[in-house]
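Residue numbers (this note's numbering): 9 to 440.
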């Protein structure tokens, strides 16, 4: 679970670096029909004026929301009947920092049981936290271990970013949540942080222009690059570009039908703090869209919700021809990712293709099943072919997205976090 509460800026900046919120991951399968909006360049925005520095006291415990307060681990108790894990610190308080820097913290733990303890995985809820640990080691009763975490905040405000530590411990259980908590000064910010280009015609190249405005006038946009294949991008004016970046993005004609699953620009930016320190950072800007032809869907991701361990799930997508013409769906196949991929949970899947009762006709692609693992993402694709009345056959694919929570969470409910409807939650099979 990741929680963020905004607070006022505490430092005056003469030059800032621009930022963009990351979010998960490329794997980018994961919810969510995009608005079929026409391509529009965002209007030019006047950068805000920074005020003189003022001393702001740190927030008191009474003003910090419950979800951001450090948890107390309780006393360490030796147990019998299996391995056990105890963290003297569950929530690492990193204090004040900017989102232009990275802070490290080492979580220590001890095997307080009477049998060997092993760590199988440490899964962060946010890509801004990067845990490392010894995957090969077994901890005997009484032995201590460490998990090193590097935290680079994506935005400003009071933040708590969690990691799920998965072990074979009987006490307190096979999953323990640890967190890093920081009071973050947003010295890196710009807008917009993403662009939805709407519908892209299948088989044709597509070009769009983007204008990004920094929140500080002395921010420089030095370079633009592309993460992932297919897309290209360039500044439309000589670099470095001060305060405002104008970028042309070109998408190739061979993008597959459905949700565009890799569209990330990496912007290298620079600036200076009030004390003269130079800041540089490379941050992402996301491009989203859907590639369509005469065949459409009410969503290009099959949403499976938030089932709990051992629970059932079901999701449906309506696929139809925009002019109401008949077509067939051939060779439907579930290509689900398994627990061999980080953060993914195993499940049993059942796929059905049934004629739709919707006015537009077409078919309902119904995916149901049962969760086999304890927690993680449901991810992958449903691949199929379509045959139109003239005999044309095309390959198509819908994404799979769901998130499984431990059975001991009431109702298997997800934590109260906000998810952008146009972005996937979890890992995705490689696809351009």
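Note that the Cβ used here is the ideal one computed from N, Cα and C, for glycine as well.
Please state if the CB of residue 272 and the CB of residue 304 are separated by a distance shorter than 8 Å. Cβ atoms of residue 304 and residue 272: not closer than 8 Å.
Can you tell me which of the three DSSP states residue 313 falls into? Look at residue 313 here: in three-state DSSP terms it is coil, with no helix or strand label.
For residue 176, collect the residues of the same chain with a Cβ closer than 7 Å to its Cβ; drop the 5 residues on either side in sequence, then sort them by chain order. Same-chain partners within the cutoff: 91, 125, 126, 182.
Identify the continuous beta strand (DSSP E) that holds residue 228 and give its terminal residues. Annotation: the continuous beta strand (DSSP E) that includes residue 228 extends over 228-235.
How about residue 281 and residue 287: are their beta carbons less than 8 Å apart? Yes.
Is the segment 213-221 in contact with the segment 187-203, if contact means three or more CB pairs nearer than 8 Å? Below 8 Å, enough C-beta pairs join the segment 213-221 and the segment 187-203 to call them touching: three or more.
From residue 232 to residue 254, what distance separates their C-alpha atoms? Near 10 Å, if we compare the C-alpha coordinates of residue 254 and residue 232.
Check whether the Cβ atoms of residue 151 and residue 119 lie closer than 8 Å to each other. For residue 151 and residue 119, yes; Cβs fall inside 8 Å.
Does any CB atom of chain B fall closer than 8 Å to the CB of residue 379? Of the protein chains in this structure there is only one, and it is not chain B.
Please name the residue or residues paired with residue 165 in a DSSP beta bridge. Residue pairing for residue 165: DSSP places it in a beta bridge opposite 192.
For residue 297 and residue 82, I'd like the C-alpha separation in whole angstroms. Rounded to the nearest angstrom, the two C-alpha atoms are 48 Å apart.
Simplified DSSP assignment, three categories, for residue 284: Of the three classes helix, strand and coil, the one that applies to residue 284 here is coil, per DSSP.
Where the beta strand (DSSP E) through residue 204 begins and ends: Annotation for residue 204: the continuous beta strand (DSSP E) segment containing it runs 202-209.
Take residue 260 and list the residues in its own chain whose beta-carbon comes closer than 7 Å to its own, dropping the five residues that flank it on each side. Hits under 7 Å: 213, 238.
In whole angstroms, what separates the C-alpha of residue 140 from that of residue 130? When the Cα atoms are used, residue 140 and residue 130 turn out to be separated by approximately 8 Å.
State the DSSP-derived secondary structure class of residue 127, mapped to helix, strand or coil. It is a strand residue.
For residue 159 and residue 190, believed in contact at Cβ under 8 Å, the rounded distance: At roughly 7 Å, the Cβ-Cβ gap stays under 8 Å, so residue 190 and residue 159 are in contact.
Which value, in whole angstroms, describes the spacing of the CA atoms of residue 249 and residue 301? Between residue 249 and residue 301, the alpha-carbon positions lie close to 37 Å from each other.
Range of the contiguous beta strand (DSSP E) that encloses residue 5: Here the chain comprises residues numbered 9 to 440, so residue 5 is not present and cannot be evaluated.
What are the boundary residues of the beta strand (DSSP E) that residue 326 is part of? Counting along the chain, the beta strand (DSSP E) containing residue 326 begins and ends at 320-329.
Stretch-stretch touch, CB-based, cutoff 8 Å, three pairs: the segment 335-345 with the segment 308-320: No, the segment 335-345 is not in contact with the segment 308-320.
Residue from 93, 179, 267, 225 whose Cα sits closest to the Cα of residue 204: Minimum Cα-Cα distance from residue 204 among the listed residues 93, 179, 267, 225 corresponds to 267.
With respect to the beta strand (DSSP E) encompassing residue 257, which residues constitute its N-terminal and C-terminal limits? 252-259 is the extent of the beta strand (DSSP E) around residue 257.
Within 10 angstroms of the Cβ of residue 112, are there 16 or more other Cβ atoms? Answer buried if so, exposed if not. By the neighbour-count rule (16 or more Cβ atoms within 10 Å), residue 112 is not buried but exposed.
Euclidean distance between Cα positions of residue 403 and residue 328: In a straight line, the C-alpha of residue 403 is about 15 Å away from that of residue 328.
According to DSSP, what are the bridge partners of residue 139? Bridge partners of residue 139: 157.
For the beta strand (DSSP E) containing residue 361, name the first residue and the last one. Start and end: 355-363.
In this structure, does DSSP put residue 75 in helix, strand or coil? Three-state DSSP puts residue 75 in a helix.
7 Å CB neighbourhood of residue 137 in its chain, flanking five on each side removed: Shown here for residue 137: same chain residues with a beta carbon closer than 7 Å to its own, the five before and five after excluded, namely 157, 159, 169, 171, 188 in chain order.
C-alpha gap between residue 100 and residue 115, whole angstroms: Taking the Cα positions, residue 100 is about 8 Å away from residue 115.
Presumed contact (8 Å Cβ cut-off) between residue 353 and residue 385, rounded CB distance: At roughly 7 Å, the Cβ-Cβ gap stays under 8 Å, so residue 353 and residue 385 are in contact.
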